[in-house]
Amino acid sequence: MRFISVILLGVLLNLVNTHAYADGIVVDKVYHPYVLPFERELEWRIVSHQTGSGNILAQRIGLGSAINDTMSLEGYIIGERDDNGDFGLAGYEVELRWQLVEQGRLWADWGALFELEKHHNSDVYEATTGFLWEKEFGKSSLTMNAFLVYEWGGDIKNEWESEYRAQYRYRYRSEFQPALELFVGEDFFGVGPGFIGLHRFNGQRQLKWEVGFITEISQSEKNHSFRLALEFEF
Amino acid sequence: MYKNLSRGYLLLLLLSPLNVKSEEFILILKDHLFYPSEIYVPANKKLKLLIENQDSTPEEFDSFDLNREKVLYPARQSVIYIGPLSPGRYEFFGEFSPNTARGVVIATEVTNADN
Numbered sequence: 019m020r021f022i023s024v025i026l027l028g029v030l031l032n033l034v035n036t037h038a039y040a041d042g043i044v045v046d047k048v049y050h051p052y053v054l055p056f057e058r059e060l061e062w063r064i065v066s067h068q069t070g071s072g073n074i075l076a077q078r079i080g081l082g083s084a085i086n087d088t089m090s091l092e093g094y095i096i097g098e099r100d101d102n103g104d105f106g107l108a109g110y111e112v113e114l115r116w117q118l119v120e121q122g123r124l125w126a127d128w129g130a131l132f133e134l135e136k137h138h139n140s141d142v143y144e145a146t147t148g149f150l151w152e153k154e155f156g157k158s159s160l161t162m163n164a165f166l167v168y169e170w171g172g173d174i175k176n177e178w179e180s181e182y183r184a185q186y187r188y189r190y191r192s193e194f195q196p197a198l199e200l201f202v203g204e205d206f207f208g209v210g211p212g213f214i215g216l217h218r219f220n221g222q223r224q225l226k227w228e229v230g231f232i233t234e235i236s237q238s239e240k241n242h243s244f245r246l247a248l249e250f251e252f
Numbered sequence: 155m156y157k158n159l160s161r162g163y164l165l166l167l168l169l170s171p172l173n174v175k176s177e178e179f180i181l182i183l184k185d186h187l188f189y190p191s192e193i194y195v196p197a198n199k200k201l202k203l204l205i206e207n208q209d210s211t212p213e214e215f216d217s218f219d220l221n222r223e224k225v226l227y228p229a230r231q232s233v234i235y236i237g238p239l240s241p242g243r244y245e246f247f248g249e250f251s252p253n254t255a256r257g258v259v260i261a262t263e264v265t266n267a268d269n
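Structure representation (structure tokens):
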């Protein structure tokens with residue numbers, strides 16, 4: 019297991035240091051490397067990306083379920099509103115999350131993510147794979163995601179890209195956990211505050227929310243993103 | 155140079171003891187109750203909770219304080235790794251029977267009797 023951890027870390031570091039970065043809106047969810055058996059969830063995510071030239075709004079609705087003790091599968095429908103104000107179906111995605119080690123067993127927790135996306139009405143495909151990592155420090159947790167992305171199809175130049183996401187959160191109370199988030203992608207280096215919360219209903223039903231306000235800091239142009247994710251687990 | 159040093163540092167962190175033997179504590183879930191409902195554990199150490207679900211239905215161990223969620227299958231022993239914990243009380247409950255299946259882990263500083 020130690021050997022695997024070292025290999026995974028090396029790949030993660032190389033991903034972070036690579037010079038190819040991913041297209042599109044980089045700000046999105048920071049994934050945690052955990053899966054619960056019997057977990058089913060309905061998810062809604064929205065990212066509003068404001069630049070000097072206009073606003074892009076991306077939304078996705080997903081439905082997912084654990085398929086065994088360590089893996090969960092989720093399907094998404096993605097919609098986007100472009101700078102011209104046109105909102106429409108943008109793509110479809112299927113995602114597999116895999117918890118690689120029992121939480122707390124090793125020095126840090128590891129998981130993996132695999133995604134396949136097809137753009138609507140265009141011959142564009144995107145496959146993503148990467149590592150999910152989390153380390154607990156008392157009441158704080160540091161989560162990092164490193165992804166390698168391959169885009170291909172008749173309507174796009176085939177290329178490899180990478181993305182990196184990080185979230186440091188303080189588990190103050192279940193309803194309010196302040197966080198600091200970092201997103202790195204193509205021509206994008208954004209940081210900003212956020213918060214995460216959770217409300218339990220009866221049994222396994224619970225509502226999770228994540229909010230982030232990310233500002234791009236590597237360039238002088240206006241570039242802000244607001245992200246909201248709601249997950250209803252049942 | 156700096157990049158290599160930071161890589162080396164992270165490598166060392168990963169090579170540091172990963173599978174230190176953890177002290178084990180046994181919990182029983184029976185009739186939707188945890189026995190014992192209070193567990194005293196040493197602070198600042200990695201620990202292993204062995205939970206045996208003797209009920210005929212699954213339960214989900216949940217604790218925001220311990221930052222753990224785990225499904226406890228019926229007639230099976232589940233392992234939950236916790237800690238190192240600061241001294242204090244850490245509540246947990248069963249999501250399917252939150253009114254009855256409740257307990258608390260109490261982490262205390264271990265004092266040396268020779269002192």
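Protein chains in written order, with our numbering: chain R, 19 to 252; chain L, 155 to 269.
Each residue gets a CB set at the ideal place from its N, CA and C atoms; glycine is no exception.
Item	Value
Beta-carbon proximity check, L:Leu-201 vs L:Ser-176, cutoff 8 angstroms	yes
Proximity test, Cβ basis, 8 angstroms: R:Phe-132 and chain L	no
Under the three-state DSSP convention, the category L:Pro-252 falls into	coil
Sequence-distant residues of the same chain with beta carbon closer than 7 angstroms to R:Tyr-186, five excluded per side	Ser-158, Leu-160, Ala-197, Leu-198
Distance, R:Glu-249 Cα to R:Leu-225 Cα	6 angstroms
Contact set between the segment 215–245 of chain R and chain L, restricted to residues whose Cβ is under 7 angstroms from the partner	Gly-221, Gln-222
Cα-Cα separation, R:Leu-54 to R:Asn-86	9 angstroms
Below-8 angstroms beta-carbon distance, L:Ala-261 vs any chain R residue	no
Per DSSP, the bridge partner or partners of R:His-137	R:Gly-109
For R:His-242, the three-state DSSP class (helix, strand or coil)	strand
Completely contained alpha helix (DSSP H) runs for the segment 107–192 of chain R, where each covers 4 or more residues	none
Sufficient close CB pairs (3 or more, under 8 angstroms) joining the segment 178–190 of chain L to the segment 107–119 of chain R	no
Within 8 angstroms, strictly: CB atoms of L:Ile-236 and L:Leu-220	yes
L:Asp-216 (DSSP reduced to helix, strand or coil)	strand
Whole-angstrom C-beta distance between R:Gly-103 and R:Tyr-77, which should lie under 8 angstroms	Residue 77 of chain R is actually Gln in this sequence, not Tyr. With 8 angstroms as the limit, R:Gln-77 and R:Gly-103 do not qualify as a contact, their Cβ atoms being about 15 angstroms apart.
Proximity below 8 angstroms, CB of R:Leu-75 to CB of R:Ser-83	no
Proximal residues of chain L, C-beta to C-beta of R:Ser-192 below 7 angstroms	Phe-218
Minimum Cβ-Cβ distance from L:Tyr-194 to chain R less than 8 angstroms	no
DSSP-derived helix/strand/coil call for R:His-217	strand
Any 3 or more C-beta pairs closer than 8 angstroms across the segment 191–198 of chain L and the segment 212–226 of chain L	no
Coarse secondary structure for R:Gln-230, derived from DSSP in three states	The question names Gln, but residue 230 of chain R in the sequence shown is Gly. Strand, per DSSP.
Straight-line gap, L:Glu-263 to L:Tyr-244 (C-alpha atoms, nearest Å)	15 angstroms
Near-chain R residues of the segment 227–257 of chain L (beta-carbon distance less than 9 angstroms), N- to C-terminal order	Tyr-227, Val-233, Ile-234, Tyr-235, Ile-236, Gly-237, Pro-238, Leu-239, Ser-240, Glu-249, Phe-250, Pro-252
Own chain, CB closer than 8 angstroms to L:Pro-212, minus 5 neighbours either side, in chain order	Val-225, Leu-226, Tyr-227, Pro-228, Phe-250
Contact with chain L by R:Leu-54, beta-carbon distance below 8 angstroms	yes
Three-way DSSP call (helix, strand, coil) for R:His-50 in this model	coil
Contact set between L:Val-286 and chain R, taken where Cβ atoms lie within less than 7 angstroms	Residue 286 of chain L cannot be examined here, being either before or after the span of chain L that is shown, 155 to 269.
Sub-8 angstroms separation of R:Asn-163 and R:Val-48 beta-carbons	yes
Interface flag, R:Glu-251 vs chain L, CB-CB below 8 angstroms	no
Neighbour-count burial assignment, R:Thr-146, 16 or more Cβ in a 10 Å radius	buried
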